[in-house]
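These notes are about the structure you will find just below.
2 protein chains.
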Amino acid sequence: MEIHVRGYEAGDPRIKAPAGFGIDRAVDLPVEMDVLVVGTGPAAVVVVAQLSRFPSINARVIERRPGRLEVGQADGIQARSVETFQAFGFATEIVDEAYRNVEMCFWKPDPLDPTRIVRASRAPDDATGMSEFPHIYVNQSRVLDYFLRDAQRAPGQIVPDYGIEFVDCAIDPNSDYPVTARIRYVAGPRAGEERVVRAKYLVGGDGARSKVRASLGHRLHGEASMHAWGVMDILVNTDFPDIQVKCSIQSHDKGNILLIPREGGYLVRVYVDLGEVPESDDGKVRATPIEDIIATANRIIHPYTLDVRAVTWWSVYEVAHRITDGFDDVPAEQAGLRTPHAFIMGDACHTHSAKAGQGMNVSMQDGFNLAWKLAAVIEGRAPRSLLSTYAAERKVVAQDLINFDKKWSQMMAAPMDPKDDRGQLEHFYLSTLEFPAGFMTLYTPSMITLGTEHQALAVGFLVGKRFKSAEVIRRSDNRWHHLGHFHEADGRWRVYVFADEALPALSGTPCSDFAQWWSSDPNSPQVSYTPIGGDQNAVFDIKVIYQQDYTQIELANVPKAFKPVKVPFGLIDINQVFAAGHGRDIFRDRQISPAGAIVVVRPDQYVAAVLPLDAREALAAFFDGHMLTPPPQPDASRASSQRADVMSIAERTAL
Amino acid sequence: MEIHVRGYEAGDPRIKAPAGFGIDRAVDLPVEMDVLVVGTGPAAVVVVAQLSRFPSINARVIERRPGRLEVGQADGIQARSVETFQAFGFATEIVDEAYRNVEMCFWKPDPLDPTRIVRASRAPDDATGMSEFPHIYVNQSRVLDYFLRDAQRAPGQIVPDYGIEFVDCAIDPNSDYPVTARIRYVAGPRAGEERVVRAKYLVGGDGARSKVRASLGHRLHGEASMHAWGVMDILVNTDFPDIQVKCSIQSHDKGNILLIPREGGYLVRVYVDLGEVPESDDGKVRATPIEDIIATANRIIHPYTLDVRAVTWWSVYEVAHRITDGFDDVPAEQAGLRTPHAFIMGDACHTHSAKAGQGMNVSMQDGFNLAWKLAAVIEGRAPRSLLSTYAAERKVVAQDLINFDKKWSQMMAAPMDPKDDRGQLEHFYLSTLEFPAGFMTLYTPSMITLGTEHQALAVGFLVGKRFKSAEVIRRSDNRWHHLGHFHEADGRWRVYVFADEALPALSGTPCSDFAQWWSSDPNSPQVSYTPIGGDQNAVFDIKVIYQQDYTQIELANVPKAFKPVKVPFGLIDINQVFAAGHGRDIFRDRQISPAGAIVVVRPDQYVAAVLPLDAREALAAFFDGHMLTPPPQPDASRASSQRADVMSIAERTAL
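Going line by line, the protein sequences match chains C and W. Going by our numbering, the first sequence runs without a break in its numbering and finishes at 812. Going by our numbering, the second sequence runs without a break in its numbering and finishes at 812.
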């Protein structure tokens, strides 16, 4: 967390001063805006939190409900999502209050007496070290709370407009505000009123029955049969030995349970499989009473019993495996010919079972993928064509998700014959762990992701996959830090320069030659795309990592490319220089070549490129492919007035 | 964090529902109250946060300033303080925003050219593993913010009454409200108005010039000479290589600097030694201008230079090593004859240099020591004599602090002859690290601390010292936890039962025999002092730790003494059962006898007793010495109404 760099911050450093549209945000939804977000689900809140960090953008978010979500919905948070929380600054807080999963127990019919279940095996969570972040369970409402708190604390100070639903829209790509949307107040004093508003971009995060999707003319495609689940959050006394452990419970012929322990030590969520229902059932399964679900659960869990003391939420629902035929408003036949102005995300795009704990997680990554691109385009830092990569990238992820969940659901729902291979489900679970943890996503080459020609220079940073952090020693404070944890959701590109074998030098080494070019050559991305008058690392967060122990690194010998100057005081930032030490060695941990490497990471934390230190033209060409020369700095006047405020303190002290 | 145990909690689990005096707290300072706290410094805010967790107590806190502290003051936070933050629930949050110290660098005159300083050595912070918590630096204002936020979020919902100063008081031990205090409004619409208020107890945390101390007739005693310091918080560009590292910088003949890096990566605090001044100086040294302090710093740091870009706070002050002659209102000649009604804490009791980073830390422990005792006495759970232990215990700590700081200050201020032993300061620093980290405090036997007769049963839990946590596996969720981190500041006594070598059993083992006695014998503390109708662990937080791997522990075999039942749902709490596993073994780490042991820990986290599993009479006698039979449960009606609320959810679901 950077604090005081622009003058003393007296208050909570997580609460930013309002700026731009955040300074005097209109209470009412305006007639025209840059972005209209529909819904406050997991995908939408990520978009909102991200856009609120760009206060020059007027973004609004509408939600049908009259207020925040309080109960129910999803609760499984994969490690990739916690990484994302870290980028938004609240990972430790939410982990503190969540259930942390470290083990899954598999209960199966006792071969000696198949009417009884027995604990057959245990599987540790993330035994291979996929992430330094844990796998947690916490109510979805809390996840939404944290993102919305972040949106309110960011300079844009966005808060949802509750009690407003999206009705429909028309899109005219040639208009200044291409989206014309009809909205309706459904709560509060204006309930019943309809309005027409206009936006440059429309973002639909409005769920499986998305009206935005319908307005764009898309529909979900997939299976006709649906799978029904009873789900209940309960406070329970039981003799079942693993009530606070994640369990798959497969009975011989009474059905199956997925047991999810929840935050706080008492609540548990129980998913009870109610089987396949044809679409012709027409929702009748939803009338299943709670007593039936509890009775079924008790039959499955025999010889143990569940003495349910309170049901705090429950539901019966059916899901099919379905995927939308389009993720934005560009018709298939116009793909590549025009750029999109409307997008759908999350359940609006893909529906599936809850069993693999994927819905909320994949949805958040939909939002993270889209939001930084929207910000870059609206701020004039990137061409509109960047927006086409959203559908291209996330459609593949959605299809992978459907395929995975189909397989997983089938295995979970199958009746368990104790004479069968007892390890089948567990084997599948263990062999595919990277998927549910969120780390299988692999973006293929595009304008924002290069190929793998130079992958051998940094084997541990796979191009197209999320940057897997490792610990380094920061030379300024001589302390270990996770390199990836400096990657805030600030829309900046990361350029990690892993130095060659030489010690820091101002010239004469591959690393220093690169640094020289980076900071002064007219063709370097830094020179081309960083606005004059702001922080030197405002667009590219460049960091250097030396191979030596930190005690051998002296900052005076580090090139100025790695010591950016900050406004308003001209402070030299010495916090971007790293090394090995205290047992940490990122070159070892991520198999980085002693010759060094450049690792470029996208604003959404995916590795975009691995290049040799001398690949200057390739690096410049890569950024030239999706960046625009910056417009004049919108914040320049604000920065200088802030300077005046703080300098007056210095003046009072007679500097 | 326990959540949902009394029904579904829809919101932030850190924000508690108001209760008692928190439900409709009077905006104006009332005429009569249980506790009047004076000041909102580090000692006072701990008292306030602690008392706010007992909403049956009407506590108020007055502060001269019109609002919160914004700049300056202390910034060094020792690991013991972070442990305390953990007890109040905000350790991870404040660590996230603080500077974390891992190393101290010692700069000394270059033997080859004593006009230049060179880095002579490095010393790691806490190389011996004194604590799992870090040593951090963050502005005092943020520490106060967190405690005051906690006070506001706790059921008592206490917020400070700003703009009110304490004038003086009279104490009549025979009155229902023994303290009669005169207060004066010094800010806001009532500025200038004086009032008289009455309190059962008065707590003075009003600093070195404490008016509460003066009213009690005490004064500070100590040296006549004072030591002057210039201190500045600056944003600076420099070629000094360790500007973001804690440094002691000793020049040959230009003076000395203590450099403290601060939160956020840019700000640093520089203490510049201005030497001894006689009291006859009468504060003239305080007129030293900031330019002089900066110039002195530049002379000391030669050949490097400090280009100060902004001074965000600075001060010149003198301190003497002084200690009060009394910590409460009981005159020395009446000690033991009557119990106290007024207390002073923190700087009101002890003044010294800032160099060892002790002031804020020791003050917080003053507050933590006092507050739980006040709560126990006011709620009728303990005799008034308990309050006499505050002065007895903290006076010793204060004297130790003065002695340590005298020595440390002398060494830091001494001119550095490069031909002398260069390691003297560093040697002292390393050999006494436990003191500045906050872990030297040792409470001697009293009504709340037993002797060390049975220390051999748990060598790693020294009686009288703070409980040094270690990791255990909780059997409910099969996850590792720091045992000590469950120790919230809730006023409860901890009874850790380290089992003998047997597996869990309902009878027939030393551990199960103890459990049987604990939960059912009329003489057991549990039966004697736990109110009927509340949680079974409301007074004693009892936990069992088995020696075996957690996979061998089945909860069904654990005695009910370790599975307390909770209101309102009668939920059986299975979260109090621990074991070894995943490489963790607390018996090994804390040298606990295979025969088992009982370790009793005070509400302020100090070890009160180590006893064998069969020492029932000694255990009962210990608690009988400072506990009273409980009055009727004040919360019973509230608990049952809450039950009705939540049960209606269950009823709606047709349970």
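Note that the Cβ used here is the ideal one computed from N, Cα and C, for glycine as well. Since this is a predicted model, take the numbers as computed values, not measurements.
At a Cβ cut of 7 Å, what residues of the segment 170 to 186 of chain C count as close to chain W, listed as they run along the chain? P170
Comparing C-alpha positions only, which one of V696(W), G648(W), N714(W) sits nearest to T666(W)? Selected option, being the one with the closest Cα: N714(W).
For L640(W), write down the residues that DSSP places opposite it in a beta bridge. L640(W) pairs with nothing; no bridge assigned.
Which residues DSSP lists as bridging C326(W), in chain order: For C326(W), which the question treats as bridged, DSSP gives the partners A338(W).
Can you list, in chain order, the residues of its chain whose CB lies under 6 Å from that of F735(C), leaving out five sequence neighbours each side? V629, R631, I702
Do V354(W) and A338(W) have their C-beta atoms within less than 8 Å of each other? Yes; because the gap between Cβ atoms is below 8 Å, this pair is in contact.
Determine, using beta carbons only, whether L359(C) and V336(C) come nearer to each other than 8 Å. yes
Is there contact between the segment 214 to 226 of chain C and the segment 292 to 302 of chain C, where contact requires at least three CB pairs shorter than 8 Å? yes
What residues in the segment 457 to 482 of chain W have a beta carbon less than 8 Å from any beta carbon of chain C? V465, R466, A467, V468, T469, W470, W471
Residue range of the beta strand (DSSP E) that includes N258(C): 256 to 258
Run through the DSSP bridge pairs and tell me what S278(C) is partnered with. F263(C)
Touching or not, the segment 230 to 245 of chain C and the segment 512 to 532 of chain C, by the rule of three or more beta carbon pairs under 8 Å? Segments in contact, yes.
Look at the Cβ atom of V343(W), then the Cβ atom of L728(W), and state whether they are nearer than 8 Å. no
Got a sec: is the Cβ-Cβ distance from V228(C) to anything in chain W below 8 Å? Yes, because at least one Cβ of chain W sits closer than 8 Å to the Cβ of V228(C).
Per DSSP, which residues does D318(C) bridge with? Please list them. DSSP, once it has assigned bridges, lists I219(C) as partnering D318(C).
Within 8 Å of any Cβ in chain C, is that where the Cβ of R795(W) sits? Only weak support exists for where R795(W) lies, its pLDDT of 41 falling under 50; the coordinates are left without a value.
Between L785(C) and chain W, is any beta-carbon pair separated by less than 8 Å? Judged by the 8 Å Cβ criterion, L785(C) is not in contact with chain W.
Our contact map puts I501(C) next to F484(C) with C-beta atoms below 8 Å; I'd like the distance itself, whole angstroms only. 6 Å
I'd like to know whether the C-beta of Q297(C) is nearer than 8 Å to at least one C-beta of chain W. no
Counting only C-beta atoms, is A713(W) closer than 8 Å to chain C at any point? So yes, A713(W) belongs to the interface.
Using a Cβ-Cβ cut-off of less than 7 Å, give me the residues of the segment 218 to 251 of chain W that come near chain C, in sequence order. E227, V228, T249, E250
When DSSP labels each residue in this structure, what does D302(W) get in the three-state scheme? helix
Closer than 8 Å is the cut-off here; do at least three beta carbon pairs connect the segment 258 to 275 of chain C with the segment 403 to 414 of chain C? yes
Using 8 Å as the limit for Cβ to Cβ distance, is M158(C) near chain W? yes
Other residues of its chain near I160(C): CB distance less than 8 Å, five sequence neighbours each side excluded: E166, P170
Kindly list the residues whose CB is nearer than 6 Å to the CB of P281(W), restricted to its own chain and excluding five residues on each side of it in sequence; keep chain order. E260
Under 8 Å by beta carbon: chain C residues contacting P398(W): E711, L712, A713
Going along chain C in order, which residues have a C-beta closer than 8 Å to the C-beta of V724(W)? Ordered by position in chain C, no residue passes the 8 Å Cβ test against V724(W), which lies about 11 Å from the chain.
If you count every other CB in all the chains shown that lies within 10 Å of the CB of A489(W), and 16 or more means buried, which is it? By the neighbour-count rule (16 or more Cβ atoms within 10 Å), A489(W) is not buried but exposed.
Residues that G727(W) contacts on chain C, provided the C-beta gap is smaller than 8 Å: The answer, in chain order, is N394, R466.
Check whether the Cβ atoms of V110(C) and F655(C) lie closer than 8 Å to each other. It is not possible to answer for residue 110(C), since the shown part of chain C is limited to 158 through 812.
Check E240(W) in the structure and name its three-state DSSP category. Note: E240(W) maps to helix in three-state DSSP.
Is the number of C-beta pairs between the segment 190 to 207 of chain W and the segment 279 to 294 of chain W that are closer than 8 Å three or more? Counting Cβ pairs under 8 Å, fewer than three are found: no touch.
Flag L424(W) as yes if its beta-carbon sits less than 8 Å from any beta-carbon of chain C, otherwise no. Answer yes: the Cβ-Cβ gap between L424(W) and chain C drops below 8 Å somewhere.
Do R426(W) and D449(W) have their beta-carbon atoms positioned less than 8 Å apart in this structure? Taking 8 Å as the Cβ cut-off, D449(W) and R426(W) do not qualify as a contacting pair.
Expressed to the nearest angstrom, what Euclidean distance is found between the alpha-carbon atoms of I806(C) and A467(W)? Reliability fails at I806(C), whose pLDDT of 40 lies under 50, so the model's placement of it is uncertain and no value is given.
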